[in-house]
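Heads up: the sequence shown at position 142 corresponds to 242 in the numbering used here, and the numbers run straight through without jumps.
To start, the structure itself, in structure tokens.
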Amino acid sequence: MHDKHLISVEALANQIDQSIVIDCRSDLFDPSLGQQQYEEGHIPNAAFFALHDALSGPKFPGSGRHPLPDQDELGQRMRNLGANNDSMVVVYDAGPSVYAARLWWLLRWCGHESVRVLDGGYAAWVKAGYPSSKASSPRAADKPAGNFSVRSSLEAIIQSDELLESLEHGQHCIVDARAAERWRGDVEPLDPVAGHIPGALNRPNTQNLRPDGRFKPAEVLRDEWLALMTSQAPKAPAAAGLAGGAALVHSCGSGVSACHNLLAMRLAGLDDALMLHPGSWSEWCADPKRPVAKGDKP
């Protein structure tokens with residue numbers, strides 16, 4: 101399963117000339133940091149996509165902090181890079197792959213299956229001794245536009261109002277990817293209200309990684325995710341290996357780190373009925389009529 105969604109730095113080095121590489125380093129507290137890091141050094145020929153620009157749409161009343169971008173606009177950005185419908189796209193960030201997972205999910209949402217997250221990100225690339233560049237990507241200038249097109253989505257979404265309605269019927273199992281202290285409501289550094297969606301379990305996305313920033317082995321991820329389902333929500337529809345036809349909804353603060361958890365489940369082979377809650381907590385708490393839970397219980 102790892103080979104379907106991840107690529108090692110060694111494998112990328114061997115096929116870099118045949119790949120569309122995109123750097124999407126970012127920082128939730130400093131939106132300009134990613135561009136700065138890109139200019140200081142990046143994987144040769146990599147383009148740069150910013151979280152607040154290419155990876156997000158404009159905010160609107162009641163939206164979360166990072167609404168989904170327009171699919172056609174994202175498709176045009178990909179064509180400008182020379183990407184075709186059969187292109188291998190490799191996405192990376194500084195290392196933990198949170199922002200890379202967002203772009204991985206977005207491209208799959210646009211129907212593009214040949215997208216891989218660079219395991220360990222730029223940190224792993226540098227550590228392995230591969231070259232870096234300070235030059236802007238030449239692809240847009242020296243390559244014709246590609247034929248990348250938006251096709252049938254490979255990923256599913258659920259909006260806040262639909263999720264609210266489903267809470268009354270127990271139709272979904274929700275997993276929140278934020279740090280435990282934010283999920284509990286002890287602190288909230290980014291949004292005006294602290295807490296979590298009632299019933300949401302907590303699995304901080306950092307738990308998907310080894311100490312060096314690479315993803316844990318598939319079998320470890322699978323055991324951990326199944327343990328979460330069975331130990332914290334034994335009656336949840338997703339408890340028995342995500343069987344039963346009910347969806348597991350991935351949420352977080354603004355639809356970014358939730359993509360990391362969703363990727364981890366796909367790596368683990370737990371592919372059934374996964375959904376992203378794009379607005380996540382920042383959208384949920386924007387409406388005071390929606391319920392809020394606090395404390396260490398779902």
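Think of the CB as a built atom: it goes at the ideal place given N, C-alpha and C, for glycine as much as any other residue.
Problem set entry | Asn308, DSSP secondary structure in three states | Mapped onto the sequence shown, residue 308 falls at position 208. Three-state result, Asn308: helix.
For this session: Ignore the nearest five residues each way along the sequence and tell me which others in Thr306's own chain have a CB closer than 8 Å to its CB.
Result: Walking along the sequence shown from the start, residue 306 turns up at place 206. Here Thr306 has Pro196, Ala279 as same chain residues with Cβ atoms under 8 Å from its own Cβ, once five neighbours each way along the sequence are excluded.
Exercise. Going by DSSP, what residues sit across from Cys273 in a beta bridge?
Worked result: The sequence position of residue 273 within the sequence shown is 173, counting from 1. Looking at the DSSP output, Cys273 bridges to Leu348.
Exercise. Assuming Ala146 contacts Tyr230 under a Cβ cut-off of 8 Å, what Cβ separation, rounded to an integer in Å, is found between them?
Worked result: One-based indexing of the sequence shown puts residue 146 at position 46. One-based indexing of the sequence shown puts residue 230 at position 130. The C-beta separation of Ala146 from Tyr230 comes to about 12 Å, leaving the pair out of contact by the 8 Å criterion.
Problem set entry | Ser85 to Lys389 span [Cα, whole Å] | Residue 85 falls outside the range modelled here, since the chain spans only 101 to 398, and no answer is possible.
Exercise. Where do the ends of the beta strand (DSSP E) carrying Asp123 lie?
Worked result: By one-based count along the sequence shown, residue 123 stands at place 23. Segment 119-123, the beta strand (DSSP E) holding Asp123.
For this session: Could you give the DSSP three-state label for Lys104: helix, strand or coil?
Result: Working through the sequence shown from its first residue, we reach residue 104 at position 4. Note: Lys104 maps to helix in three-state DSSP.
For this session: Look up Leu374 in the DSSP assignment and give the residues it is bridged to.
Result: Locating residue 374 in the sequence shown gives position 274, counting from the first residue. Partner(s): Leu348.
Problem set entry | Val293 and Cys352 closer than 7 Å at C-beta | Residue 293 sits at position 193 when you count from the first residue of the sequence shown. Residue 352 sits at position 252 when you count from the first residue of the sequence shown. Between Val293 and Cys352, the CB-CB gap reaches or exceeds 7 Å.
Exercise. Could you give the uninterrupted runs of the beta strand (DSSP E) lying entirely in the region 183-238, keeping only those of 3 residues or more?
Worked result: Restricting attention to beta strand (DSSP E) runs no shorter than 3 residues, the region 183-238 encloses them at 188-192, 215-218, ordered along the chain.
Exercise. Shortest alpha-carbon distance to Asp261 belongs to which of Asp130, Leu106, Pro378?
Worked result: Translated into positions along the sequence shown, residue 261 becomes position 161. When only C-alpha atoms are compared, the closest one is Pro378.
Problem set entry | Rounded C-alpha distance that separates Ser163 from Gln136 | Stepping through the sequence shown from its first residue, residue 163 is reached at position 63. Stepping through the sequence shown from its first residue, residue 136 is reached at position 36. Rounded to the nearest angstrom, the two C-alpha atoms are 28 Å apart.
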